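Below is one structure, written out as structure tokens, with a few remarks after it.
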Amino acid sequence: MKNLQEATERICELKGSLIALDALVPALIEALPASARAKVAQSFEAHAEAARTAMLHADISDVVLAAFERDVARNRAVIQGCAEHDEAAVPPCGSR
Numbered sequence: 011m012k013n014l015q016e017a018t019e020r021i022c023e024l025k026g027s028l029i030a031l032d033a034l035v036p037a038l039i040e041a042l043p044a045s046a047r048a049k050v051a052q053s054f055e056a057h058a059e060a061a062r063t064a065m066l067h068a069d070i071s072d073v074v075l076a077a078f079e080r081d082v083a084r085n086r087a088v089i090q091g092c093a094e095h096d097e098a099a100v101p102p103c104g105s106r
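Heads up, the sequence shown is in my numbering, so the first residue is 11 and it goes up one at a time.
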């Protein structure tokens, strides 16, 4: 980065991209049938654990680690929330 203004602009771009993904991921999860969400849950847990392992050996701040764990928990809750709605025979969680 040439200067602070460019760095700030790039951070803002990254934040916007992250917010878009934060909207997309739950929508995709909610659109999946229950059987696919079960597979996604298993795969997600495996990938999250692999990411944790990789981060153990990287120079990453505690802020990044905390954000990672917060978002893992949030995505897990979305997956589980949809499964609970399926079991209760109510409309999908995106229809509330």
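We put the beta carbon where it would ideally sit given N, CA and C, even for glycine.
These numbers come from a predicted model, not from an experiment.
Test item: CB-CB of residue i and residue j under 7 Å
{"i": "I39", "j": "V82", "result": "no"}
{"i": "C113", "j": "R20", "result": "Because the chain here runs from 11 to 106, residue 113 falls outside it and cannot be looked at."}
Simplified DSSP assignment, three categories, for residue i
{"i": "L31", "result": "helix"}
{"i": "I70", "result": "coil"}
{"i": "P107", "result": "Nothing can be reported for residue 107, as the shown portion of the chain is limited to 11 through 106."}
{"i": "N13", "result": "coil"}
{"i": "L24", "result": "helix"}
{"i": "L75", "result": "helix"}
Residue-chain proximity (residue i, chain B), Cβ-Cβ < 7 Å
{"i": "A51", "result": "Reference to chain B is not applicable here, since this structure consists of a single protein chain."}
Spatial neighbours of residue i in its chain, beta-carbon cut-off 8 Å, leaving aside the 5 residues before and after
{"i": "A51", "result": "R86, I89, Q90 and A93"}
Chain-order list of residues whose beta-carbon lies under 7 Å from that of residue i (same chain, five-residue window excluded)
{"i": "A58", "result": "V82"}
{"i": "N107", "result": "Residue 107 falls outside the range modelled here, since the chain spans only 11 to 106, and no answer is possible."}
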